[in-house]
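One structure is given below, encoded as structure tokens.
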Amino acid sequence: MRLSHFYLPTQKETPSDAQIASHRLMLKAGMVYQSSAGIYTWLPLGLRVLRKIENIINEEMDAAGCQEVLMPTIQSAELWQKSGRLDSYGKEMLKFKDRHDRELLYGPTNEELITEVFSQHIKSYRDIPKNLYQIQWKFRDEIRPRFGVMRGREFLMKDAYSFDIDYEGAKKSYWRMYQTYLKIFKRMGLTAIPVRADSGAIGGDMSHEFQILAPAGESSLYYEVAFESLDFDDPNVMDEVVRLYAAVDEKHDPQSCPVPPHQLKQSKGIEVGHIFYFGSKYSEPLGAKVMTPSGQLVNVEMGSYGIGVSRLVGAIIEANFDGEGIKWPDPVAPFQVGIVNAKTHDPKAVAFADAVYEKLKEAGVETLYDDTDERPGAKFANMDLIGLPWQVIVGAKAVEKGIIEIKRRSDGTRQELDLTSFINQLAA
RNA sequence: CGGGGCGUAGCGCAGCCCGGUAGCGCGCCUGCUUUGGGAGCAGGAUGUCGUAGGUUCAAAUCCUAUCGCCCCGACCA
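With the numbering used here applied, the first sequence has no gaps in its numbers, which climb one by one up to 484 at the end.
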């Protein structure tokens, strides 16, 4: 993509509304535009990151045997009456009426709807277990939205729902998701700590929140220091993770905590995922029953599994930035490479940079080519701000010797080499 | 929902107390110079001063109402 054709409204000055780093950087880097309190327009750069995150989630969910569906954002209030949540969910739920005076709502979550969808066709134990998920916009009318996309009113969420014949099956589904979540967050370059949690309005017995450690986080949690030295590539890591202690502060009782104080750490965390087991809480009132092998009709056993997709964009930035801007982990970066031609006045350098761009494109590398007439300093500052993992700088040596300068955004290291070597290095 | 703050050019702000018809920086446009870390000079464009009433000869400024946004708290993924 040529920058001259790309809509990237970066800003030099810090928007006054932004309090935390990720919010400030997302506005400065031209990723989002605030349309209302807690409601954002995603601009091209931000949307690319959102899509990267969605893709990782899709891949891992599919690999875990789940199937994607897409439910509507607007739901009938009638359904929520059956589950009893129409009133209990409270003012966070946005309700309105259509022209026929029928009450509708903008879905804050989808347990009711998915249960109905499921029970339309699934009647036998032979058809389960199943795990259906979607990535869809939700609306929760927060009292006070804040921190940009980290606590918006409208937000993109992956919500999955498992259906099993009995508790044993449901437990298996639960732990499969637990493991899948660790993989998903790891692929995004994050270390997520699964903490025991309250199940809140969703309800249920077994519940874990997945927290990213960050000072800007809104949750307070306690965890065993051993979490910090976990090797997530170790195949046995699951046993280890499950054994370790971690809890949100409401669930943490210093009296009964099994971990001695010197092995316990306290931190702020950003909740990026939450999984629940809730049995027949929704299947019973909504009549979702299946036949067992012995011919009995039983309420299906359910769990639900959320990931804050749009929140993750903010959370990843909170975990990866410096004074110059964002430092995207490779798997979620909007582009892998940014090309800066530092000699826009030199036709040979322009031709060289054009060629570099074409070759990277041919090699299938996602590239943003700053082909504008800005001065080098402005281009460098802009590249650092938007935080692409690699910067390719075309300067005097490119024209003379065919050597390009490569800057790694994450640690600032630079190397000089030819383009082919760089492409090979990317492929490795 | 309680407490506080702010709405003036695309962004950041001054002007308001003490009414006299709007300004600064960045950005944007033109020209010349410049060209490896957000350039310099010269010229230029851009405003229903959030909205609606009111007071006044005259309102960005004073009064009333209203809408929006932000911060702290409580609440929440």
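Think of the CB as a built atom: it goes at the ideal place given N, C-alpha and C, for glycine as much as any other residue.
Indicate whether Ile442 and Tyr413 have their beta-carbon atoms separated by less than 9 Å.
-> As a position in the first sequence, residue 442 is number 386, starting the count at 1. As a position in the first sequence, residue 413 is number 357, starting the count at 1. Contact flag unset, no.
Can you pull the DSSP bridge partners for Gln75?
-> If you number the first sequence from 1, residue 75 lands on position 19. According to DSSP, which records beta bridges pairwise, Gln75 is partnered with nothing at all.
Is Thr423 helix, strand or coil when you go by DSSP?
-> In the first sequence, counting from the first residue as 1, residue 423 sits at position 367. Thr423 falls in the strand class under three-state DSSP.
Keeping to the same chain, check which residues put their C-beta closer than 6 Å to that of Lys465; ignore five residues upstream and five downstream.
-> Within the first sequence, residue 465 is the residue found at index 409, counting from 1. Position check: residue 465 holds Arg in this sequence, whereas Lys was assumed. The beta carbon of Arg465 sits closer than 6 Å to those of Lys383, Gly443 and Pro445, all from its chain and outside the five residues before and after it, given in chain order.
Return helix, strand or coil for Ile112, following the three-state DSSP convention.
-> Along the first sequence, read from residue 1 onward, the residue named residue 112 stands at position 56. The answer is helix: DSSP assigns Ile112 an H, G or I state.
Can you tell which of Arg252, Gly335 and Ile363 has its C-alpha closest to the C-alpha of Asp309?
-> Numbered from 1 along the first sequence, position 253 holds the residue referred to as residue 309. With distances taken between Cα atoms, Asp309 lies closest to Arg252.
Reduced DSSP secondary structure (H/G/I, E/B, other) of Arg155 = Counted from its first residue, the first sequence places residue 155 at position 99. The answer is coil: DSSP assigns Arg155 none of H, G, I, E or B.
Cβ neighbours of Leu106 in the same chain (closer than 8 Å, five flanking residues each side left out) = If you number the first sequence from 1, residue 106 lands on position 50. Taken in chain order, the residues that qualify are Trp98, Leu212, Val365, Ser366 and Val369.
Residue from Val88, Tyr333, Asp305 and Cys313 with nearest C-alpha to Glu167 = Here residue 167 refers to the residue found at position 111 of the first sequence. Among Val88, Tyr333, Asp305 and Cys313, the Cα nearest to that of Glu167 belongs to Tyr333.
Euclidean distance between Cα positions of Ile184 and His264 | Translated into positions along the first sequence, residue 184 becomes position 128. Translated into positions along the first sequence, residue 264 becomes position 208. In this structure, the straight-line span from the alpha carbon of Ile184 to that of His264 is close to 24 Å.
If you pair each beta-carbon of the segment 280-289 with each one of the segment 371-385, do three or more pairs fall below 8 Å?
-> no
Taking three-plus beta-carbon pairs below 8 Å as touching, is the segment 323-337 in contact with the segment 266-275?
-> yes
Through-space distance from Ala483 to Leu160, alpha-carbon basis = Here residue 160 refers to the residue found at position 104 when the first sequence is read from its first residue. Here residue 483 refers to the residue found at position 427 when the first sequence is read from its first residue. The straight-line gap from Cα to Cα measures roughly 50 Å.
Thr66: which of Gly102, Met57 and Ile95 sits nearest, CA to CA?
-> Position 10 of the first sequence holds residue 66. Of the candidates Gly102, Met57 and Ile95, the one whose C-alpha sits nearest the C-alpha of Thr66 is Gly102.
Considering only the beta carbon of each residue, do Lys242 and Phe203 sit closer than 9 Å?
-> One-based indexing of the first sequence puts residue 242 at position 186. One-based indexing of the first sequence puts residue 203 at position 147. Not closer than 9 Å, so no.
Got a sec, what are the start and stop residues for the alpha helix (DSSP H) Tyr413 sits in?
-> For the purposes of this step, residue 413 is identified with residue 357 of the first sequence, where counting begins at 1. Its alpha helix (DSSP H) spans residues Pro403 to Glu418.
Under the three-state DSSP convention, the category Lys345 falls into = For this step, residue 345 is matched to residue 289 along the first sequence. In the structure shown, Lys345 sits in a strand (DSSP, three-state: E or B).
What did DSSP end up calling Pro250 once you bin it into helix, strand or coil?
-> Numbered from 1 along the first sequence, position 194 holds the residue referred to as residue 250. The answer is strand: DSSP assigns Pro250 an E or B state.
According to the Cβ coordinates, are Pro128 and Met149 closer than 9 Å?
-> What you label residue 128 is simply residue 72 of the first sequence in a count that begins at 1. What you label residue 149 is simply residue 93 of the first sequence in a count that begins at 1. No; because the gap between Cβ atoms is not below 9 Å, this pair is not in contact.
Thinking Ile462 and Gln471 are a contact (beta carbons under 8 Å), I'd like their distance in whole angstroms, please.
-> Indexing the first sequence from 1 puts residue 462 at position 406. Indexing the first sequence from 1 puts residue 471 at position 415. That pair is a contact at about 5 Å.
Inter-residue spacing [alpha-carbon to alpha-carbon] between Tyr189 and Ile240 = As a first step, residue 189 must be located in the first sequence, where it is residue number 133. As a first step, residue 240 must be located in the first sequence, where it is residue number 184. Distance between the alpha carbons of Tyr189 and Ile240 is about 15 Å.
Would you check if the distance between the CB atom of Lys138 and the CB atom of Leu353 is smaller than 9 Å?
-> The residue given as residue 138 occupies position 82 in the first sequence. The residue given as residue 353 occupies position 297 in the first sequence. Cβ distance not < 9 Å, so Lys138 and Leu353 don't count as in contact.
DSSP three-state call for Ser132: helix, strand or coil?
-> One-based indexing of the first sequence puts residue 132 at position 76. Of the three classes helix, strand and coil, the one that applies to Ser132 here is strand, per DSSP.
List the whole-angstrom C-beta distance separating Val450 from Ala405, where the pair is believed to meet the contact cut-off of C-beta under 8 Å.
-> Taking the first sequence and counting its residues from 1, one reaches residue 450 at position 394. Taking the first sequence and counting its residues from 1, one reaches residue 405 at position 349. Rounded, the Cβ-Cβ distance is 6 Å, consistent with contact.
Return the CA-CA distance between Tyr63 and Ile95, expressed in angstroms with no decimal places.
-> If you number the first sequence from 1, residue 63 lands on position 7. If you number the first sequence from 1, residue 95 lands on position 39. Cα to Cα, Tyr63 sits roughly 20 Å from Ile95.
Per DSSP, Met439 is paired with what?
-> The residue you call residue 439 lines up with position 383 of the first sequence. DSSP, once it has assigned bridges, lists no residue as partnering Met439.
Give the straight-line distance between the Cα atoms of Met117 and Glu456, rounded to the nearest whole angstrom.
-> By one-based count along the first sequence, residue 117 stands at place 61. By one-based count along the first sequence, residue 456 stands at place 400. Approximately 50 Å, taken between the alpha carbons.
Chain-order list of residues whose beta-carbon lies under 8 Å from that of Tyr217 (same chain, five-residue window excluded) | The count along the first sequence starts at 1 and reaches residue 217 at position 161. Answer for Tyr217: Asn166, Glu167, Ile170, Thr171, Phe174, Asn187, Leu188, Tyr189, Met358, Gly359, Ser360 and Tyr361, listed in chain order.
Inter-residue spacing [alpha-carbon to alpha-carbon] between Thr476 and Val388 = If you number the first sequence from 1, residue 476 lands on position 420. If you number the first sequence from 1, residue 388 lands on position 332. Looking at the two C-alpha atoms, the distance is approximately 24 Å.
Output the distance between the C-alpha atoms of Gly245 and Ala74, rounded to the nearest integer angstrom.
-> Position 189 of the first sequence holds residue 245. Position 18 of the first sequence holds residue 74. If I take the Cα positions, the gap works out to 25 Å.
On the three-state DSSP scale, how would you describe Tyr338?
-> On the first sequence, position 282 is the one that residue 338 refers to. DSSP places Tyr338 in coil when its eight states are reduced to three.
Residues bridged to Ala398 (per DSSP) | Residue mapping note: residue 398 aligns to position 342 of the first sequence, counting from 1. Its beta-bridge partners do not exist; DSSP assigns none.
Report the rounded CA-to-CA distance for Lys68 versus Glu374, giving the unit in angstroms.
-> Along the first sequence, one-based indexing puts residue 68 at 12. Along the first sequence, one-based indexing puts residue 374 at 318. Answer to the nearest angstrom: the Cα atoms are 20 Å apart.
Using the C-alpha atoms, what's the distance from Pro314 back to Ser180?
-> Within the first sequence, the letter at position 124 stands for residue 180. Within the first sequence, the letter at position 258 stands for residue 314. Distance between the alpha carbons of Ser180 and Pro314 is about 43 Å.
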